[in-house]
Amino acid sequence: MSKISFSLFLAVIVLVCNNVEAQPLKLRPDAFPPVDDAKDAKSIQMATSVEQMASWDRYPTYGTYVAMMEQWANQYPELCNLDTIGESVNGRLILCMHIQGARDVPEAAQAPEFFYSSTMHGDEVTGYVMMLRLIDTLLRGYGNNPQYTNLVDNVAIYINPLSNPDGTYRGGNNSIYGAMRYNANYVDLNRNYPDPFGTQPLSEQQPENTAMIAYLNKHQFRLSANLHGGSEVMNYPWDSFTSYERPHPDRQWWIDVCKRFVDTSRMYSQSHFRDVNSVGYIEGGDWYVIPNGRQDYVNYYHNCHEMTMEISTDKTIDSELLPEYWRFLQHSFVNYIEEIFSVPSTAGIENAAATALDVFPNPAGDRLFVRGDYDGELRLYDVRGRELPIVKSGANCIDLSGLSRGLYLLRAGAQTAKIVKR
Ligand SMILES: [Zn+2]
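According to this note's numbering, the sequence shown is numbered sequentially starting from 110.
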């Protein structure tokens with residue numbers, strides 16, 4: 110290497126190092142690109158039949174997964190039924206198991222709805238198998254285990270083990286080799302939800318998320334969790350802001366819930382939930398701010414308390430490690446469903462009255478009145494974040510007759526109101 114090229118080489122090194130230093134240090138491990146070929150061929154075992162899932166130390170092929178869900182629905186028709194949330198870009202099914210006992214009593218319709226959803230990032234597959242095993246555990250335990258029986262009788266439990274099947278089975282239905290974070294259109298589904306705070310416009314809504322939003326609209330989930338991998342930390346809302354900028358109104362409740370989850374898991378394994386911080390939980394934005402994520406969308410638009418559970422530092426753990434992860438997580442997963450009875454009864458949207466737009470009646474019929482002064486022009490958005498024209502029928506009255514039933518957001522400057530159109 111000549112002197113000149115050596116100094117050039119040095120300059121490049123300096124530049125590269127400076128560049129690295131200029132990056133934010135709080136990189137979210139979850140945001141790392143997928144490493145497709147890092148897996149040793151011996152570490153991933155696939156189950157090509159339902160029977161091969163008996164020890165829970167394999168990943169199911171797509172066919173085995175669908176067969177498992179169908180088998181449970183057939184085996185326990187009085188306890189569960191299988192919903193199809195929708196289809197992926199490539200036509201794979203996005204399935205959800207609805208588990209609920211004591212369906213014939215009048216109170217059944219009043220049972221609060223709980224939702225677990227996993228693997229919207231297709232290569233973060235630990236939660237996928239954990240959720241399948243949770244379905245199995247609740248169904249088998251009903252009538253034997255008092256805690257499971259009580260939960261299944263009093264909560265409408267919905268479990269969606271795989272919300273991005275095209276990402277998980279990118280390499281074909283028979284293997285999770287080559288699994289990727291994105292859907293088949295190479296879109297990150299966790300950056301593809303309407304942003305309630307309007308910081309980022311939404312790119313084209315992906316079919317997986319459109320189906321999920323329709324499913325969320327059909328239900329009134331009160332508590333939910335969204336399972337990921339790449340780290341081990343409980344992450345509560347908001348993702349769009351740091352807790353200093355905009356704390357969630359129920360921040361202390363979230364901290365208590367996260368602490369209970371982590372403490373329980375540490376009774377079975379001391380070594381987990383330590384790669385981000387020592388407590389094992391963090392407010393999303395304090396870790397890393399993201400726009401257009403599912404967590405903020407669900408909390409804000411659906412009045413549902415949803416958190417993100419990052420449950421394994423390795424996104425695609427060796428299949429033989431799956432039982433170990435279940436061992437230290439299973440009680441926390443079940444106890445988290447029980448937290449539905451402790452969800453604060455506040456609307457949970459905003460605590461600062463100053464940012465609330467005063468509207469009535471709400472839910473509204475054809476007319477909605479805005480009370481008092483508000484700053485700036487009124488703007489109306491649908492649940493997908495699209496702005497709609499406002500039809501006025503008086504100085505402070507908006508005509509909603511052209512809108513279909515559902516949730517809308519009315520905004521004036523920094524003031525907002527979530528409106529339910531009847
Ligand atoms: Zn993820």
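The beta-carbon is built from N, C-alpha and C at its ideal position, and this holds for glycine as well.
Roughly how many whole angstroms lie between the Cα atoms of residue i and residue j?
i: S226; j: N335; result: 5 Å
i: G503; j: L487; result: 13 Å
i: S340; j: T417; result: 11 Å
i: R290; j: H230; result: 4 Å
i: V342; j: C367; result: 9 Å
i: G481; j: I528; result: 17 Å
i: A465; j: V388; result: 33 Å
i: A288; j: R531; result: 42 Å
i: Q132; j: L311; result: At Q132, the pLDDT of 37 sits below 50, so the modelled position is not reliable; the number obtained from the coordinates is stated separately. For Q132 and L311, the distance between alpha carbons rounds to 25 Å.
i: H337; j: E419; result: 5 Å
i: I197; j: G402; result: Per the sequence shown, the amino acid found at residue 197 is Ser instead of Ile. Those two C-alpha atoms are separated by around 18 Å.
i: Q154; j: D423; result: 16 Å
i: L136; j: Y483; result: With a pLDDT of only 43 at L136, under 50, the local geometry of the prediction cannot be trusted, and no value is derived from it.
i: M532; j: R520; result: In the structure as shown, the chain starts at 110 and stops at 531, and residue 532 therefore has no counterpart that could be examined.
i: N273; j: T525; result: 32 Å
i: Y324; j: G280; result: 28 Å
i: P432; j: M240; result: 12 Å
i: P453; j: E429; result: 39 Å
i: G497; j: P303; result: For clarity, residue 497 is Leu in the given sequence; the question names Gly instead. Roughly 14 Å separates the two Cα atoms.
i: S284; j: L204; result: 19 Å
i: G347; j: H411; result: Sequence inspection shows Trp at residue 347; the Gly mentioned does not correspond to that position. Going by the C-alpha atoms only, they are around 14 Å apart.
i: Q87; j: Y278; result: It is not possible to answer for residue 87, since the shown part of the chain is limited to 110 through 531.
i: E448; j: L188; result: 21 Å
i: E459; j: A176; result: Low confidence applies here, because E459 scores a pLDDT of 44, under 50, leaving its location unreliable; read the following figure in that light. Computed Cα separation, rounded: 43 Å.
i: V371; j: K501; result: 51 Å
i: D149; j: T425; result: Its pLDDT being 49, under 50, D149 is placed unreliably in this model, and the coordinates cannot settle the point.
i: S152; j: D245; result: 24 Å
i: L243; j: D232; result: 20 Å
i: Q361; j: Y174; result: 38 Å
If we count the other Cβ atoms within 10 Å of its Cβ and call it buried at 16 or more, is residue i buried or exposed?
i: M376; result: exposed
i: C413; result: buried
i: E160; result: exposed
i: Y251; result: buried
i: R514; result: exposed
i: E317; result: buried
i: V214; result: exposed
i: N253; result: exposed
i: C378; result: According to the sequence shown, residue 378 is Ser rather than Cys. With fewer than 16 Cβ atoms within 10 Å of its Cβ, S378 is classed as exposed.
i: S87; result: The structure shown does not extend to residue 87, since the chain is modelled only from 110 to 531, so the question has no answer here.
i: E354; result: exposed
i: Y517; result: buried
i: R167; result: buried
i: V468; result: buried
i: A75; result: Within the shown structure, residues of the chain are numbered from 110 to 531, placing residue 75 beyond reach of any answer.
i: Q404; result: buried
i: S441; result: buried
i: A163; result: exposed
i: N292; result: buried
Which partner residues does residue i have in the DSSP bridge list?
i: K527; result: L518
i: V468; result: V479
i: A156; result: P169
i: D491; result: Y517
i: T422; result: Looking at the DSSP assignment, T422 forms no beta bridge with any residue, so it has no partner.
i: A473; result: K530
i: M162; result: Answer is none; M162 lacks a bridge partner.
i: D348; result: Paired residue(s): none; D348 is not in a bridge.
So which of the options has the shortest CA-CA distance to residue i?
i: S510; options: Y324, A526, R476, Y490; result: R476
i: G307; options: K501, Y490, P498, V500; result: Y490
i: N259; options: S272, A211, P274, P215; result: A211
i: G172; options: D359, S378, N282, F382; result: N282
i: F450; options: E354, M239, L332; result: L332
i: P400; options: D423, T373, I322, R300; result: R300
i: G236; options: P270, K501, Q314, V175; result: P270
i: P305; options: E496, P346, Y409; result: Y409
i: Y345; options: Q329, H328, W363; result: W363
i: Y397; options: M240, S349, V479, N263; result: S349
i: L438; options: F382, Y406, T425, P453; result: F382
i: Q209; options: S380, D245, D262, C506; result: D262
i: N505; options: I499, T319, V479, L497; result: V479
i: D427; options: V175, K327, Y286; result: Y286
i: H357; options: E415, Y257, L243; result: E415
i: Q256; options: P221, I446, Q180; result: I446
i: S380; options: Y434, D359, Q361; result: Y434
i: Y185; options: N294, G200, D275, H207; result: H207
i: I268; options: N386, F224, S421; result: F224
i: A182; options: A156, R249, R369; result: R249
i: D365; options: V296, V234, E392; result: E392
- [ ] Could I get the ranges of all uninterrupted beta strand (DSSP E) runs contained in the stretch 207-267, with 3 residues as the minimum, in chain order?
- [x] DSSP runs (the beta strand (DSSP E)) wholly in the stretch 207-267: 222-227.
- [ ] Would you mind listing the alpha helix (DSSP H) stretches within the stretch 258-345 that are 4+ residues and don't spill past its ends, in chain order?
- [x] Scanning the stretch 258-345 from its first residue to its last, the whole alpha helix (DSSP H) runs of 4-plus residues come out as 274-277, 316-327.
Task: Runs of alpha helix (DSSP H) wholly within the stretch 358-403 (minimum 4 residues, chain order) - done: Runs of the alpha helix (DSSP H) inside the stretch 358-403: 360-375, 393-396.
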